[in-house]
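In what follows, a single structure is set out as structure tokens and then discussed.
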Amino acid sequence: MIDDLDDMVQSAVTEVFSTMLNTKIQVEPPGAAIANGEPHVAGSVGFSGGSVCGVVYLYCSAVFARRITCNLLGLQDNEIEGDEMVNDAVGEMANMVVGQLKSRLCDRGITCVLTVPSIVRGTNFTIEAVSSTSRRLLAFRSQDNQQLVVEALVKPPLSN
Amino acid sequence: MGPKILSVDDSKTIRLIIAKAFKSFDCEVLEAANGVEGLAIATKEKPDIIILDLTMPIMDGYETLTKLKSDPDLKSIPVIMLTAESGKENVLRIAKQGVRDYLVKPFKEEMIIERVGRVIDLKPKGTTPVKQKRFDDPIKVLVVDDKPAITEQIKTGMADTTWTVVGVAQGGEALDTCALAVPDAILISLTLPENGGFNLFQLLRASTKTKSVPVFAMCVKTAVDDQVKAQQMGFTSSSPSPSTSTT
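Sequences listed follow chains A and B, in order. Mapping of the first sequence onto my numbering: residues 1 to 160, in sequence order. Mapping of the second sequence onto my numbering: residues 1001 to 1247, in sequence order.
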């Protein structure tokens, strides 16, 4: 039904980074997953409709999340008022990426609604799919060599 | 006090981006985190424009818009939707409710300034009220005509005044000239190819820099349809081109 999900996610991520942060983000080979052991921030937004549902996570190091926040709001690092501001910025980036995805699905007649963003913070966590759900993992690298991982969990399973 | 802009979005990030975008303009940016707060602030403050998100907790953008449009005191406030969702179905659904404009996230600051500037009069902070120029004041006139002879005739005609006439042949050049320094008046030939004169007028009116500059249409005497169209579009006035007025 949505065989080109990877392409849709890639194009949404690159467009959001280019427009909101004025920065290019390059796709990395699949499987170059993020290294755990350092603080990370994951922003997620779900989508749900009659024929498809899923959730998309954007996650990166806490350092990169602060840089995204600074860039998005035009602030210096010392102007960030705590983690809440970073959480909101990462959540909004996830919201924009999934919003783009939703719009493309909607144009194909696949209607769905979005959830409000949520945030997970931690130093050693993984996101796993339950059975009967397709998992897509995409990795990106920013111009300043920071990694961003986007994970999409979709039901019903994709054809591959 | 400048115009009031109400930003209704559950994302503090978006509210901060909007507040930052209008920081350099003489306006007040009010914030609400959901539709309920937005309606309360709209009722109390009567903003000049509302920038409204769609997906929000407590009361979403659709419901907020419906309530705004059904309230006699608030229904005339222009609303620009700012949302991450751009699917055809959403656009149609919102358009039916009478929004002024629709902007999709991701967006650049300039885009939201430009869209809001189409609806309300945005003035940069610290600018003093513009003094009305007198006939004998130095005035910069931009002439947009692809026939150099006409521009030359206008220059010759104004040679004895304190006015400066700058001529360009195309709409793109005119926009570049305006970006460098806004002229006091603009004369546009309606005979520019491919409706270039009308298209240029729309672009000038869409820009916060040039939306208030008087724009005059130049056309041949017999082009009545063009004159009517120019009047309907909002040109300051129209007059025959110099070459036609002398024949």
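Even glycine gets a Cβ: it sits at the ideal position worked out from N, Cα and C. This structure is a prediction, so every number in the text was calculated from the model and none was measured.
Status (buried if at least 16 other CB within 10 Å, exposed otherwise) for residue i
i: L153 (chain A); result: buried
i: D1160 (chain B); result: exposed
i: V1224 (chain B); result: exposed
i: Q143 (chain A); result: exposed
i: F64 (chain A); result: buried
i: P1193 (chain B); result: exposed
i: L101 (chain A); result: buried
i: T1064 (chain B); result: buried
i: M1233 (chain B); result: exposed
i: G1061 (chain B); result: buried
i: G99 (chain A); result: buried
i: T69 (chain A); result: buried
i: P1003 (chain B); result: buried
i: S1238 (chain B); result: buried
i: M1081 (chain B); result: buried
i: P29 (chain A); result: exposed
i: T1151 (chain B); result: buried
i: S44 (chain A); result: buried
i: T1210 (chain B); result: buried
For residue i, the three-state DSSP class (helix, strand or coil)
i: C106 (chain A); result: helix
i: I1094 (chain B); result: helix
i: T1208 (chain B); result: coil
i: I1049 (chain B); result: strand
i: T1055 (chain B); result: coil
i: E162 (chain A); result: Absent from the structure is residue 162 (chain A), since the part of chain A shown begins at 1 and ends at 160.
i: I1017 (chain B); result: helix
i: V9 (chain A); result: helix
i: M85 (chain A); result: helix
i: D77 (chain A); result: helix
i: G1196 (chain B); result: helix
i: A1149 (chain B); result: helix
i: A129 (chain A); result: coil
i: N22 (chain A); result: coil
i: G1171 (chain B); result: helix
i: D1160 (chain B); result: coil
i: R66 (chain A); result: helix
i: F1107 (chain B); result: coil
i: V1248 (chain B); result: This structure leaves residue 1248 (chain B) out entirely; chain B is present only between 1001 and 1247.
i: S1070 (chain B); result: helix
i: T1177 (chain B); result: helix
Strand pairing of residue i, partner residues [DSSP]
i: E28 (chain A); result: A:A139
i: C112 (chain A); result: A:G49
i: M1218 (chain B); result: B:S1189, B:S1239
i: Y957 (chain B); result: Only positions 1001 to 1247 of chain B appear in the structure, and residue 957 (chain B) is not among them; the question remains open.
i: F1025 (chain B); result: B:P1124
i: K1004 (chain B); result: B:E1028
i: S44 (chain A); result: A:Y57, A:S118
i: D1101 (chain B); result: B:I1080
i: E151 (chain A); result: A:Y57, A:L137
i: L1142 (chain B); result: B:V1166, B:I1186
C-beta neighbour in chain B for residue i, strict 7 Å
i: D88 (chain A); result: yes
i: E81 (chain A); result: no
i: S103 (chain A); result: yes
i: E92 (chain A); result: yes
i: M8 (chain A); result: no
i: L138 (chain A); result: no
i: G109 (chain A); result: no
i: T19 (chain A); result: yes
i: N95 (chain A); result: yes
i: L73 (chain A); result: yes
i: V16 (chain A); result: yes
i: V116 (chain A); result: yes
i: G99 (chain A); result: yes
Any C-beta of chain A under 7 Å from that of residue i
i: K1096 (chain B); result: no
i: L1016 (chain B); result: yes
i: T1066 (chain B); result: no
i: P1106 (chain B); result: yes
i: T1247 (chain B); result: Only weak support exists for where T1247 (chain B) lies, its pLDDT of 40 falling under 50; the value from the coordinates is given anyway. With 7 Å as the cut-off, T1247 (chain B) does not count as an interface residue toward chain A.
i: S1024 (chain B); result: no
i: E1085 (chain B); result: yes
i: K1125 (chain B); result: no
i: S1011 (chain B); result: yes
i: T1055 (chain B); result: yes
The ligand FAD heavy atom lying under 6 Å from the CB of residue i
i: V1029 (chain B); result: For the ligand FAD, the structure offers nothing, since it holds no ligand at all.
>> Does the structure place the stretch 1069-1077 of chain B close enough to the stretch 36-56 of chain A that three or more beta carbon pairs sit under 8 Å?
In response: Contact fails between the stretch 36-56 of chain A and the stretch 1069-1077 of chain B, because fewer than three Cβ pairs, one in each stretch, are under 8 Å apart.
> Is the stretch 107-117 of chain A close to the stretch 84-95 of chain A, with three or more CB pairs under 8 Å?
Replying inline: At 8 Å Cβ cutoff, the stretches touch.
>> Does the stretch 1142-1151 of chain B come into contact with the stretch 1169-1189 of chain B, if we say contact requires no fewer than three beta-carbon pairs (one atom in each stretch) closer than 8 Å?
In response: Output reads yes: the stretch 1169-1189 of chain B touches the stretch 1142-1151 of chain B.
> Touching or not, the stretch 1107-1116 of chain B and the stretch 1088-1097 of chain B, by the rule of three or more beta carbon pairs under 8 Å?
Replying inline: Touching, no, given that fewer than three Cβ pairs across the two stretches are closer than 8 Å.
>> Assess contact between the stretch 126-133 of chain A and the stretch 15-25 of chain A, defined as three or more Cβ pairs (one per stretch) separated by less than 8 Å. Is contact present?
In response: Segments in contact, no.
> Per the contact definition of three or more C-beta pairs closer than 8 Å, is the stretch 1013-1033 of chain B in contact with the stretch 68-85 of chain A?
Replying inline: They touch, by the three-pair rule.
>> For the stretch 1047-1062 of chain B against the stretch 1003-1010 of chain B, do three or more pairs of beta-carbon atoms, one drawn from each stretch, fall closer than 8 Å, so that the two count as touching?
In response: They touch, by the three-pair rule.
>> For the pair the stretch 1109-1124 of chain B and the stretch 1034-1049 of chain B, tell me if three or more CB-CB distances fall below 8 Å.
In response: In this structure the stretch 1109-1124 of chain B lies against the stretch 1034-1049 of chain B, because at least three pairs of beta carbons, one per stretch, are closer than 8 Å.
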